[in-house]
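**Student:** Heads up, the final residue of the sequence shown is numbered 280 in the numbering used here, and it's a clean run with no missing numbers.
Every residue, glycine too, gets a C-beta built ideally from N, C-alpha and C.
Small disclaimer: the values here were computed from a predicted structure and weren't measured.
If you scroll down you'll find the structure; I have some questions about it.
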Amino acid sequence: PAGVTLQPSARTNPLSRSRFPDVQPFLDRDAFLSARRVILADQVLGPLAGNLRIEGTTFALDRLQLGYRGGVVTAQLEADIRRGAAYVTMRGNATGVQGRDAEDVLDANFALRFAPESLALDGSLQLVRMSRTHLEALLNVLDPYREDTDVNTVRALLPFGHPRTLQARIQDGLMDLDLQLGGIAGIASIEAIRAIPIAPLLDDYVAPIVDPLFREPERDVQVRPNTSGNDRRARRDGPAGEAGQADDTVQTDEAGERRETPSDEDPHDDETAHADD
4 PAGVTLQPSA RTNPLSRSRF PDVQPFLDRD AFLSARRVIL ADQVLGPLAG
54 NLRIEGTTFA LDRLQLGYRG GVVTAQLEAD IRRGAAYVTM RGNATGVQGR
104 DAEDVLDANF ALRFAPESLA LDGSLQLVRM SRTHLEALLN VLDPYREDTD
154 VNTVRALLPF GHPRTLQARI QDGLMDLDLQ LGGIAGIASI EAIRAIPIAP
204 LLDDYVAPIV DPLFREPERD VQVRPNTSGN DRRARRDGPA GEAGQADDTV
254 QTDEAGERRE TPSDEDPHDD ETAHADD
């Protein structure tokens with residue numbers, strides 16, 4: 004289908020290295036950007052609308068409105084795509100995002116900073132409204148092998164209640180969760196879940212999306228001209244080839260018969276022997 008495709012490149016655009024005063028008079032400071040659909044890996048987003056600002060390798064989307072799974076995401080996004088120092092910051096809220104069923108609706112507030120090349124994520128997330136299915140899916144992603152006792156406690160209480168609020172703080176690859184349940188399960192005291200590693204989550208779900216965009220492309224392969232057979236034999240029979248030669252050297256005499264002579268025999272020894280005779 005017709006559209007714009009973002010692909011990584013080994014070369015940096017010369018415009019991004021230009022001084023801001025040299026290009027600013029020829030560019031509009033603000034530009035309205037819209038798209039009916041955005042395909043990111045296997046996720047379909049859209050429609051999208053926002054005010055775009057570009058300065059060098061940094062671009063920002065202000066007043067961003069993005070449709071996702073029947074809901075709306077409103078946010079402010081800023082990103083620097085400079086190779087080796089790329090980052091993305093995003094703050095905003097999501098409203099009415101649906102899960103597998105139409106009754107599973109998610110409302111959330113977030114403020115995140117993400118480094119795609121190192122998969123480093125920091126920030127905070129608050130789920131204001133979520134379904135039991137949303138919470139179960141989150142717990143299964145964070146603890147797929149059911150090894151965390153605190154997470155298993157929440158799993159055991161879920162059939163007797165529903166999630167009310169969830170606050171998450173992410174720093175240095177670890178997540179802290181504060182969770183409140185409603186219903187009968189709200190009587191139980193749930194302690195905060197501390198130091199949940201999120202590196203496996205990022206490797207499984209985020210890396211397949213961002214790696215094609217930020218992976219270093221392969222450089223052009225240099226093709227060398229073919230060398231002659233003598234050059235190839237010289238390289239083959241160089242120091243490495245000499246070390247692998249046998250101790251005896253096969254030679255032929257004047258009659259064409261083969262005879263073996265030790266390789267460490269000095270050829271002048273025969274002349275000395277004839278002289279002594």
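Could you pull out every residue in the same chain whose Cβ sits closer than 6 angstroms to the Cβ of Ser-127, ignoring the five residues on either side in sequence?
**Tutor:** Ala-114, Arg-172
**Student:** Just how far apart, CA to CA, sit Met-93 and Asp-146?
**Tutor:** 26 angstroms
**Student:** State the DSSP-derived secondary structure class of Thr-60, mapped to helix, strand or coil.
**Tutor:** coil
**Student:** Under DSSP, the beta strand (DSSP E) around Leu-141 begins and ends at which residues?
**Tutor:** First-last for Leu-141: 135-145, but that is the alpha helix (DSSP H), not the beta strand (DSSP E).
**Student:** Would you say Leu-138 and Pro-162 are within 8 angstroms of each other, going by their C-beta atoms?
**Tutor:** no
**Student:** Can you tell me which residues form a DSSP beta bridge with Leu-180?
**Tutor:** According to DSSP, which records beta bridges pairwise, Leu-180 is partnered with Ala-171, Ile-196.
**Student:** Looking at C-beta atoms only, is the number of pairs between the segment 94-109 and the segment 190-207 that lie closer than 8 angstroms three or more?
**Tutor:** no
**Student:** Any idea what DSSP makes of Ile-187, helix, strand or coil?
**Tutor:** Note: Ile-187 maps to helix in three-state DSSP.
**Student:** CA-CA distance, Ile-187 and Glu-120?
**Tutor:** 44 angstroms
**Student:** Quick check on this structure: which residue in Gly-74, Ala-38, Glu-58, Leu-204 has the alpha carbon closest to the alpha carbon of Glu-81?
**Tutor:** Glu-58
**Student:** For Asn-155, write down the residues that DSSP places opposite it in a beta bridge.
**Tutor:** Per DSSP, none; premise fails for Asn-155.
**Student:** I need the boundaries of the beta strand (DSSP E) containing Asp-214, first residue and last residue.
**Tutor:** Per DSSP, Asp-214 belongs to no beta strand (DSSP E); it is in the alpha helix (DSSP H), 210-217.
**Student:** Using 10 angstroms around the beta-carbon of Val-76, count the other beta-carbons present and answer buried if the total reaches 16, otherwise exposed.
**Tutor:** buried
**Student:** Going by Cα to Cα distance, which pick from Arg-72, Ala-78, Asp-83 is closest to Gly-102?
**Tutor:** Arg-72
**Student:** In the DSSP assignment, find the unbroken beta strand (DSSP E) run with Phe-163 in it and report its ends.
**Tutor:** From DSSP, Phe-163 is part of no beta strand (DSSP E); its letter is neither H nor E.
**Student:** Helix, strand or coil: how does DSSP classify Asp-104 here?
**Tutor:** coil
**Student:** From the DSSP output, in three-state form, read off Ala-89 for me.
**Tutor:** coil
**Student:** Using only alpha-carbon positions, find the residue among Gly-49, Ala-34, Phe-35 that is nearest to Val-41.
**Tutor:** Gly-49
**Student:** Going by alpha carbons, who is nearest to Ala-78 out of Gln-68, Val-154, Arg-158?
**Tutor:** Gln-68
**Student:** CA-CA distance, Val-47 and Pro-211?
**Tutor:** Straight through space, the alpha carbons of Pro-211 and Val-47 are spaced by roughly 15 angstroms.
**Student:** Applying the 10 Å Cβ sphere with the 16-neighbour rule, what's the burial state of Leu-43?
**Tutor:** Exposed, because fewer than 16 other Cβ atoms sit within 10 Å of the Cβ of Leu-43.
**Student:** Applying the 10 Å Cβ sphere with the 16-neighbour rule, what's the burial state of Ala-97?
**Tutor:** buried
**Student:** Where does the unbroken beta strand (DSSP E) through Ala-123 begin, and where does it stop?
**Tutor:** 123-132
**Student:** What residues in its chain sit with their C-beta under 7 angstroms from that of Gly-53, if we drop five residues either side in the sequence?
**Tutor:** Leu-36, Leu-64, Asp-65, Arg-66, Leu-67, Gln-68
**Student:** Quick one: using the 10 Å Cβ neighbour count with 16 as the cut-off for buried, is Leu-130 buried or exposed?
**Tutor:** Counting Cβ neighbours within 10 Å, Leu-130 comes out buried, since at least 16 surround it.
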